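With full-length UniProt numbering applied, the sequence shown covers 1 to 263.
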Amino acid sequence: MSSIDHDSIRQAAPPGFDQYREDISRGKIETVEYFSATVGCKRQAMIYLPPGYSEDLRYNVLYLLHGIGGDEAEWYKHAEPQVILDNLHAERKLAPMIVVLPNGRAMTNDRAEGNLFDPNKLKAFEDFESDLLQDLIPYMESNYSVLIGRENRALAGLSMGGGQSLNIGLGNLDRFAWIGGFSSAPNTKEPELLVPNPEEASSKLRLLWLSCGLLDNLKHVSDRTHAYLELNNVPHIWYEESGGHDWPVWKNDLYHFSQLIFR
Ligand code: FER
């Protein structure tokens with residue numbers, strides 16, 4: 001983390017970062033189904049394969065999580081991550097990586113409908129830990145050409161997915177070395193529970209990213225996490241950005257976070 005230039009990261013992505021460009025190589029987006037023993041049914045995830053994806057190589061994997069109002073297609077529908085990532089690959093700014101967009105609501109009906117704050121639905125965001133670790137990651141590792149070390153796995157997400165990424169990632173540092181919380185929601189554990197052993201976390205993390213829009217009503221969650229990390233000397237990127245609880249912020253986060261991982 002010490003070699004990172006924080007000030008150059010904490011700037012808005014350059015104009016055009018999310019605009020479709022002609023004449024560049026493109027990745028592929030596909031939807032897969034995997035059996036979840038956690039939930040007891042088939043579940044869906046979307047997958048971005050980078051330009052030139054080849055079974056002859058092995059790839060890092062970023063698991064990128066959605067918010068309370070979304071599902072596995074939320075990032076795709078609102079942020080066109082494949083455009084941002086294709087552009088970055090064209091500029092040679094990304095390490096080879098597959099990006100997986102899971103459905104973080106681990107329950108039989110995992111659609112974002114009805115009362116999104118229903119206790120069963122909130123619990124499903126917690127149950128996703130088992131779905132991710134026991135079902136989806138093994139599915140990816142047996143069906144795609146992926147690297148399987150902790151340094152080859154990143155976990156990030158927005159809002160509920162930011163809370164999930166911090167909770168699951170920091171709770172499983174043997175599985176993830178690169179972790180990002182974008183505008184993390186109140187499902188984020190209290191700092192003392194999130195990082196009970198600051199020294200261990202500091203030595204294992206390759207990147208811990210915390211960001212939030214200055215106009216976001218949930219910013220107190222990120223503030224509290226950042227304050228604890230600061231106090232306990234856990235290296236992390238802290239990025240207070242313009243904007244609210246909204247897509248321009250999360251697209252900007254994806255632009256920056258994706259360039260920092262697997263380095
Ligand atoms: C809450 C407010 C917002 C909460 C979750 C959210 C679990 C999630 C917002 C989002 O994902 O966009 O009190 O509690």
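Each residue gets a CB set at the ideal place from its N, CA and C atoms; glycine is no exception. Every value quoted in this text rests on a predicted model; they were computed, and no experiment measured them.
DSSP state of residue i mapped onto helix, strand, coil
| i | result |
| --- | --- |
| S258 | helix |
| Q11 | coil |
| R43 | strand |
| G213 | strand |
| K93 | coil |
| S36 | strand |
| residue 264 | Any answer about residue 264 is impossible in this case: the structure gives the chain only from 1 up to 263. |
| N197 | coil |
| A60 | Just to set this straight, residue 60 is Asn in the shown sequence, not Ala. N60: strand per DSSP, three-state reduction. |
Identity of the residues DSSP links to residue i by a beta bridge
| i | result |
| --- | --- |
| G157 | L65 and G181 |
| M140 | None; M140 has no bridge partner. |
| W75 | Looking at the DSSP assignment, W75 forms no beta bridge with any residue, so it has no partner. |
| I24 | Bridge partners of I24: none, in fact. |
| Y239 | S211 |
| T31 | M46 |
| V234 | According to DSSP, which records beta bridges pairwise, V234 is partnered with nothing at all. |
| V221 | Paired residues: none, contrary to the question. |
Cβ neighbours of residue i in the same chain (closer than 7 Å, five flanking residues each side left out)
| i | result |
| --- | --- |
| P96 | P50, L57, Y59 and N60 |
| H257 | Contrary to the premise, residue 257 reads as Phe rather than His in this sequence. Correct list, in chain order: A156, G180 and W209. |
| R111 | D71 |
| W75 | L64, H66, P81 and L101 |
| R263 | A95 |
| S145 | E55, L57, R58 and Y59 |
| N143 | none |
| G201 | The displayed chain sequence assigns Ala, not Gly, to residue 201. Contacts found: L170, L173, V195 and V234. |
Contact belief for residue i with residue j at Cβ below 8 Å, rounded distance in angstroms
| i | j | result |
| --- | --- | --- |
| L214 | P186 | Actually they are not in contact, since the Cβ atoms of L214 and P186 sit about 18 Å apart, beyond 8 Å. |
| G163 | H66 | Not confirmed; about 12 Å, so no contact. |
| Y239 | R10 | 5 Å |
| I24 | A79 | Not a contact, Cβ separation roughly 18 Å. |
| L229 | H220 | In fact, because the Cβ distance is near 15 Å, the residues do not count as touching under 8 Å. |
| V83 | Y20 | 5 Å |
Residue i: CB within 7 Å of a non-hydrogen atom of the ligand PLP
| i | result |
| --- | --- |
| I29 | Inclusion of the ligand PLP in the displayed structure is not the case, the ligand content consisting of the ligand FER alone. |
Own chain residues within Cβ distance below 8 Å of residue i, not counting five before or after
| i | result |
| --- | --- |
| K93 | Q259 |
| P191 | R224, T225, A227, Y228 and L229 |
Residues of its chain near residue i, where Cβ-Cβ distance is below 6 Å and the 5 sequence neighbours each way are ignored
| i | result |
| --- | --- |
| I68 | L116 and M160 |
| F35 | K42 |
| P198 | N232 and V234 |
| K28 | L49 |
| N152 | N60 |
| C212 | S183, K219 and S222 |
Item to check | Contact the stretch 124–143 vs the stretch 97–109: 3+ CB pairs below 8 Å | outcome: Touching, yes.
Item to check | Cβ contact check for the stretch 219–227 and the stretch 134–148: 3 or more pairs under 8 Å | outcome: No contact exists between the stretch 219–227 and the stretch 134–148.
Next on the checklist: Quick test of the definition: if touching needs 3 or more C-beta pairs under 8 Å, does the stretch 182–202 touch the stretch 235–249?
Outcome noted: By the criterion of at least three beta-carbon pairs nearer than 8 Å, the stretch 182–202 is in contact with the stretch 235–249.
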